[in-house]
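This report refers to the structure that appears directly beneath it.
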Amino acid sequence: MPLSGTSRIDGRGHLTIGGCDAMELAKEFGTPLYVYDEALIRQNSRRFVESFKQSGFAFQVAYASKAFSCIAMAQLAAEENLSLDVVSSGELYTALQAGFPVERIHFHGNNKTEEELRMALEANVGCYVVDNFYEMELLHDLASTANKRVNVMLRLTPGIEVHTHEYISTGQEDSKFGFGVSDGQAMQAIQHALAKKQFNLLGIHVHIGSQIFDTTGFVQAVRIVRAFLDRVHEEMGYEVQVLNLGGGFGISYTSEDDPVAIEAFVETITREVAATWDERDLPRPEIWIEPGRSIVGNAGTTLYTIGSIKEIPGIRTYVAVDGGMTDNIRPALYQAKYDALLANKASLPPAETVSIAGKCCESGDMLIWDIALPKVNSGDILAVLSTGAYGYSMASNYNRLRRPAVVFVQDGEAELVVERETYEDLIRKDRKRAVLSQI
Ligand SMILES: Cc1ncc(COP(=O)(O)O)c(C=O)c1O
């Protein structure tokens, strides 16, 4: 796999990212360590923004903070003039702490609790993506009590099956998300939302899945949505101001992955929306999208120290690292594949095929099966590439491992943006029992 962004191999055969030697980063901050190439996050963001500017459409590019959320990332997204998709009060809190412009925050989720909705109302978030009838009533009641009128989008499930793993495929009818188009719920939801005094119905939202490589699903989504909106128009005379097409733009994790470029996604979406709306002589809507993975995925690298190496002659060599499913659950969760290199032997040719194991007490805690690497020794630093999305954000304390630190690197400078957890952090919420029972 070619290296992405500012990642290079220097004269000593060391991996460098943002002008920083990965070996030095590992030494200074410890491992496992998430390293983010700040310039690449900015470049990915700008590619979306610039492509939309060229299309002439009014737009918002909302970074899906579920992919990687921390205060520094929300600050960076704000600097790049992105909007922010949050799916919980925790992501919202992080955004608010970062001083993210609240009017550009979109609140998602299929089961927003009353507490979360109250917090969002208090903060005056820019928009609620309403997922179901329960939420619609709850939000409306709370908004009435607070005497606030809120911007609302309705999340629809358009009935599209995209070719991706079933856990990250969300646009099909049999989904926990959204109002179904084909079963009549979407039509009913529009009627209800339009009747609600405290709602300003901006439009509709669809998200067809994640890690999508081509534009077909998006074209299909626009057509299905437009056909649905034609019926809405006929029955209720309502037209959307905003069309939100979600995220899901794929990235390359290994050389087997070949997604179309960011520009091609935007170009196809805007062309299709322009054509379908112009055909009907309707004013073009504002287009919103919600990329997560395609903004941060290839900008992240995880550094690990290699420890034990178990060779089973004629079968396999297990190379164990000091992290695993606790810092990257994707391989265990949906057989996600990654590429990696030895950060201290990056210019050496492959010498053996090994499998990279995590340190958790689960046989399924494998990061990479069968990867060709130079001769591996304990103490080498393994760099797993493109771990920037859904790695840190899905990290856990399984086996009471401490969550790793996160650094942003740029122009030879490394900035610690999330500290490594301490043992104290692990037991912070534990309470010792007051009276020990007699044994
Ligand atoms: C509603 C919604 N928007 C955006 C995203 C971001 O997807 P991705 O990171 O694939 O761009 C997701 C991911 O699950 C999502 O559910």
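Going left to right, the sequence shown walks through residues 944 to 1382 as this note's numbering numbers them.
Glycine is no exception: its CB is placed at the ideal position from the N, C-alpha and C atoms.
Thinking C-beta only, is residue j closer than 8 angstroms to residue i?
i, j, result
"Ile-1212", "Ser-1321", "no"
"Asn-1094", "Gly-1069", "yes"
"Gly-1334", "Gly-1191", "no"
"Leu-1039", "Phe-1050", "no"
"Phe-1043", "Ala-1066", "no"
"Ile-984", "Ile-1238", "yes"
"Val-1352", "Val-1319", "no"
"Phe-1156", "Val-1209", "no"
"Glu-1367", "Arg-1346", "no"
"Leu-1246", "Ala-982", "no"
"Leu-1359", "Phe-1076", "no"
"Ile-1151", "Val-1105", "yes"
"Glu-1206", "Arg-990", "yes"
Taking only heavy atoms of ligand 1 into account, decide whether any of them is closer than 7 angstroms to the Cβ of residue i.
i, result
"Ala-1326", "no"
"Gly-1331", "no"
"His-1150", "yes"
"Phe-1156", "no"
"Glu-1233", "yes"
"Ser-1153", "yes"
"Phe-1208", "no"
"His-957", "no"
"His-1176", "no"
"Ala-1010", "yes"
"Ala-1007", "yes"
"Gly-1189", "yes"
"Asp-1200", "no"
"His-1049", "no"
"Phe-1192", "yes"
"Asp-1074", "no"
"Asp-1028", "yes"
Suppose you measure from the CA of residue i to the CA of residue j; what does that come to, to the nearest Å?
i, j, result
"Tyr-1110", "Leu-1369", "Here the model assigns Tyr-1110 a pLDDT of 49, short of 50, so the residue's position is not dependable, and the following value carries that caveat. In a straight line, the C-alpha of Tyr-1110 is about 29 angstroms away from that of Leu-1369."
"Ala-1217", "Arg-1227", "7 angstroms"
"Gly-1331", "Glu-1178", "45 angstroms"
"Ile-1311", "Thr-1197", "11 angstroms"
"Ser-1026", "Ile-1048", "6 angstroms"
"His-1108", "Ala-1348", "With a pLDDT of only 49 at His-1108, under 50, the local geometry of the prediction cannot be trusted, and the value read off the model is given with reservation. Taking the straight line joining both Cα atoms gives about 29 angstroms."
"Ser-1125", "Pro-1101", "8 angstroms"
"Lys-1091", "Arg-1166", "34 angstroms"
"Leu-1328", "Gln-1134", "47 angstroms"
"Val-1393", "Val-1029", "Residue 1393 is absent from the model: the chain starts at 944 and stops at 1382."
"Val-1149", "Leu-1291", "46 angstroms"
"His-1083", "Lys-1139", "7 angstroms"
"Ala-1089", "Arg-1098", "24 angstroms"
"Val-1072", "Leu-1188", "12 angstroms"
"Val-1378", "Ser-1336", "37 angstroms"
"Glu-1215", "Tyr-1181", "21 angstroms"
"Ala-1129", "Gly-1052", "17 angstroms"
"Asp-1323", "Asp-1201", "30 angstroms"
"Gly-1301", "Ala-1136", "48 angstroms"
"Ser-1032", "Asn-1287", "41 angstroms"
"Val-992", "Asn-1340", "36 angstroms"
"Arg-1374", "Thr-949", "46 angstroms"
"Ile-1194", "Gly-1160", "16 angstroms"
"Ala-1326", "Tyr-1006", "26 angstroms"
"Arg-1371", "Arg-1343", "12 angstroms"
"Gln-986", "Leu-1019", "12 angstroms"
"Ser-1153", "Gly-1240", "12 angstroms"
"Glu-1046", "Ala-1063", "11 angstroms"
"Gly-922", "Thr-1219", "The structure shown has nothing for residue 922, since the chain only spans 944 to 1382."
"Met-966", "Asp-1221", "55 angstroms"
Would you say residue i touches ligand 2, meaning its beta carbon is less than 7 angstroms from a heavy atom?
i, result
"Ser-1237", "Ligand 2 is not part of this structure, which contains only ligand 1."
Throw me the rounded Cβ distance for the residue i and residue j pair, which I believe falls under 8 angstroms.
i, j, result
"Ile-1272", "Phe-1002", "Incorrect: roughly 33 angstroms between the Cβ atoms, too far for contact."
"Ile-1103", "Gln-1163", "5 angstroms"
"Glu-1057", "Leu-1081", "6 angstroms"
"Leu-1285", "Pro-1234", "Rounded, the Cβ-Cβ distance is 31 angstroms, inconsistent with contact."
"Met-1079", "Leu-1145", "Met-1079 to Leu-1145, Cβ: 14 angstroms. No contact."
"Leu-1085", "Ile-1147", "Leu-1085 to Ile-1147, Cβ: 22 angstroms. No contact."
"Thr-1269", "Cys-1303", "6 angstroms"
"Ala-1289", "Gly-956", "5 angstroms"
"Glu-1023", "Ser-988", "4 angstroms"
Report yes or no: is there a C-beta of chain D within less than 8 angstroms of the C-beta of residue i?
i, result
"Trp-1312", "Absent from the structure is chain D; it holds one protein chain and no more."
Discussion item. Across the stretch 1280-1295 and the stretch 1009-1027, are there enough close Cβ pairs to call them in contact, namely three or more that are closer than 8 angstroms?
Written reply: Segments in contact, no.
Discussion item. If contact is defined by three or more beta carbon pairs under 8 angstroms, each pair taking one atom from either stretch, is the stretch 1254-1270 in contact with the stretch 1304-1318?
Written reply: At 8 angstroms Cβ cutoff, the stretches touch.
Worksheet item: Touch check for the stretch 990-1001 and the stretch 949-965: three-plus C-beta pairs under 8 angstroms?
Response: The answer is no - the stretch 949-965 does not touch the stretch 990-1001, with fewer than three Cβ pairs under 8 angstroms.
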